Amino acid sequence: MGNSFPSIFMPLVGLVFPAIAMASLSLYVQKTKIF
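Residue numbers for the sequence shown, in the numbering used here: -10 to 24.
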């Protein structure tokens, strides 16, 4: 399974996943109005 993925896919996931996590976190903070 690891060899089937291209080597460009790993850094892409490494960049996209934190971006989605940060976006969902900021939306959660805005929704709860902590700040």
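Idealized CB from N, CA, C, for every residue including glycine. No experiment lies behind these values; they were computed from the predicted model shown.
- Item | Length of the line joining the Cα atoms of phenylalanine -2 and alanine 12 | Numbered from 1 along the sequence shown, position 9 holds the residue referred to as residue -2. Numbered from 1 along the sequence shown, position 23 holds the residue referred to as residue 12. Their backbone Cα atoms lie some 21 Å apart in a straight line.
- Message: Short of 6 Å in beta carbon distance, which residues of its chain neighbour lysine 20, apart from the five on each side in sequence? Order them along the chain.
- Response: Sequence index remark: in the sequence shown, residue 20 carries index 31 (1-based). Once the five neighbours on either side are set aside, lysine 20 has no close Cβ partner at all.
- Message: According to DSSP, simplified to helix, strand and coil, what is serine -4?
- Response: In the sequence shown, residue -4 corresponds to position 7, counting from 1. For serine -4, the three-state secondary structure derived from DSSP is coil.
- Message: Suppose you measure from the CA of valine 18 to the CA of serine -4; what does that come to, to the nearest Å?
- Response: Here residue 18 refers to the residue found at position 29 when the sequence shown is read from its first residue. Here residue -4 refers to the residue found at position 7 when the sequence shown is read from its first residue. Cα to Cα, the separation comes out at about 34 Å.
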